[in-house]
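Structure first, then comments.
Numbering (the working numbering), first residue to last: 1 to 84.
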């Protein structure tokens, strides 16, 4: 759970999640949306992957990233238990 909150604590990572909610993208497509180096984007993607918020799949010469909605549903369910 701590890794999820750490991942969500950064604005860039939240923006990456927003991008991936609409469609799966490769790292280059994600990097094109930001004004930062590709290694920096890779670092953000790695943190999101370690938190299990996104997943990756090798397709040809590209790695395609997608949103892991299961972990988000689990997080939302946990937050809802705090309301009771």
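For glycine and all other residues, C-beta sits at the position ideal for the given N, C-alpha and C.
Item                                                                                                                                                : Value
Bridge partners of residue 57, per DSSP?                                                                                                            : 64
Which partner residues of residue 25 appear in the DSSP bridge assignment?                                                                          : 65
Ordered along the chain, which non-local residues of its own chain (more than five positions away) have a Cβ less than 8 Å from that of residue 25? : 19, 64 and 65
Just verifying my parser: in three-state terms, what is the DSSP assignment at residue 33?                                                          : coil
Look at residue 7 and residue 48 and say whether their C-beta atoms are less than 8 Å apart.                                                        : yes
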